[in-house]
Amino acid sequence: MDTRQLGTSDLHITRIGFGAWAIGGPDYAYGWGPQDDADSVAAIHRAVDAGINWIDTAAVYGLGRSERVVAQALKPLGSSRRPYVFTKCSLVWDAQGAISHSLKAASVRKELEDSLRRLETDVIDLYQVHWSKPWGLQEPAPDIEEGWSTLAALQKQGKVRHIAVSNFDVAEMERLRPIAPVTSLQPPYSMLRRGIESEILPYCLANDIGVIVYSPMAAGILSGAMTRERAEALPANDWRSKNPDYQEPRLSKNLALVEELRTIGGRHGVPPGAVAIAWTLRQPAVTGAIVGFRSPRQVEGLLGAAGLTLAAEEIDVIDRLTAK
C-alpha cells in the first residue's frame, strides 16, 4: 500500500489508517454501541495484514478501553509488523466517568503515562492534543500553550516521537508554532462536513503540516451499510442516535447521496464508503484518512479506497449533490 510522509516527520503512513474510536465500546458519552473485543482484535490484525501501517486511538475512547484493546491486538505482532500508534490527550474523566478537559502540565504528563501503560509501550509515535476547546465552549482553553509546551518537553525526553493536534483551527495552530512545530492536524472531513477546505487545508499545505482526516464516511452514514431502519434503531448508547445526520430531514438526503455513491462505486468495483473515503484523499493537503473498522469484514470492504482515483466528472457530481 502506498505511503506518504506525514508533515516533516519521519513517519510515512498509508493512505488509510485504522480508526479505533468505535472499538472503545458503548460505556461512555461518545460510545458506538456494543462492541466485541475479539472482533476488534481480528479487525486490527486484518488491517495490518493488508498493509495498513498506523492506528489512531485516544485515551478517552471507551475511557481507556480502546487503548487496551489496541495493546492486546499488537502484542502478538513482531516488531517488523507493528504499526505506528497514534493517541491523544486533553480529555480526562473522573471515577464516575464524567469527562472534562485539561491541558495543564501535570494532567498531560499523567495522561501520557496512563496511555503508555494501557498501550504497553515505551513511546508513542504521534501524540496529539485532542481538543483545543472544552466541549460546548467557543473559546480555546487558556492552557493550550502550557499543554503544547509539555508535549514538546515529552518529545525531547523520548516518550513521544512526534507531536500534533486534533480539532484545532488556524489561529490556534499559529499560537503553538513558536513553541514547537506542529507535525500534523486531525480534523473532521467528509462530503457532509467541508469546513476545512477554505482556510485550514491551504494553511496546512503551505506550512508542511500533515493532515489525517477523521470521519470520512461521516460516522458511517456514507458507508453504504447504513439503512433507514438501522439508523432509526440505533441504541441509546450509540452517540449517532443523537447525530442530526441520522435524523430527518438530513437522513433522507444522506441516504439518497449514498445511492449516487453506490453508482459511482459500482464503476470501480468498490462500495459507497470507499468512494467517500477516496473523495477526501483527493485533496493534496490530506496525507491520510482515518477509517473506523469494527470487524475484518469491514476492512475487506474498504481497502479499495486507498488506491481509488475518482474521475473529474464523478467529483463534479458529488460536489453538486453536497453543495449547500
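In terms of my numbering, the sequence shown opens at residue -2 and continues consecutively.
Cβ atoms here follow ideal geometry from the backbone N, Cα and C, with glycine treated the same way.
Local Cβ density within 10 Å of residue i, reported as buried at 16 or more and exposed below that
| i | result |
| --- | --- |
| E171 | exposed |
| A309 | exposed |
| L318 | exposed |
| T84 | buried |
| A302 | buried |
| Q32 | buried |
| L134 | exposed |
| S212 | buried |
| E169 | buried |
As assigned by DSSP and simplified to three states, the class of residue i
| i | result |
| --- | --- |
| G207 | strand |
| Y25 | coil |
| A68 | helix |
| D235 | strand |
| Q2 | strand |
| L88 | strand |
| P52 | Rather than Pro, the amino acid found at residue 52 in this sequence is Ile. Three-state DSSP puts I52 in a strand. |
| I193 | coil |
| Y58 | coil |
| S220 | coil |
Run of the alpha helix (DSSP H) containing residue i, from where it starts to where it stops
| i | result |
| --- | --- |
| L252 | R247 to H265 |
| T319 | A309 to T319 |
| D33 | No alpha helix (DSSP H) contains D33, which DSSP labels as neither H nor E. |
| R225 | R225 to E229 |
Residue i - containing beta strand (DSSP E), residue span
| i | result |
| --- | --- |
| W18 | Note, W18: premise wrong, no beta strand (DSSP E); not H, not E. |
*Would you call the segment 274 to 287 and the segment 9 to 22 touching, i.e. three or more CB-CB distances under 8 Å?*
yes
_At 4 residues or longer, what runs of the alpha helix (DSSP H) sit wholly inside the segment 103 to 191?_
141 to 153 and 167 to 173
*Does the pairing of the segment 287 to 307 with the segment 40 to 58 give three or more beta-carbon distances under 8 Å?*
yes
*Would you call the segment 50 to 68 and the segment 105 to 117 in contact, with 3 or more CB pairs under 8 Å?*
yes
*Examine the Cβ distances between the segment 175 to 183 and the segment 197 to 210 and report whether three or more of them are shorter than 8 Å.*
Enough Cβ pairs lie closer than 8 Å, so yes.
*Using 8 Å as the Cβ pair cut-off and three pairs as the minimum, do the segment 118 to 128 and the segment 143 to 162 touch?*
yes
*Assess, as a yes-or-no matter, whether the segment 140 to 156 is touched by the segment 82 to 102 under the definition of 3 or more beta carbon pairs within less than 8 Å.*
yes
*Specify whether the segment 195 to 204 and the segment 231 to 251 touch according to this definition: at least 3 beta carbon pairs, one from each stretch, less than 8 Å apart.*
no
*Run through the segment 269 to 309 for me and flag every whole alpha helix (DSSP H) of 4 or more residues, listed as ranges in chain order.*
269 to 278 and 293 to 299
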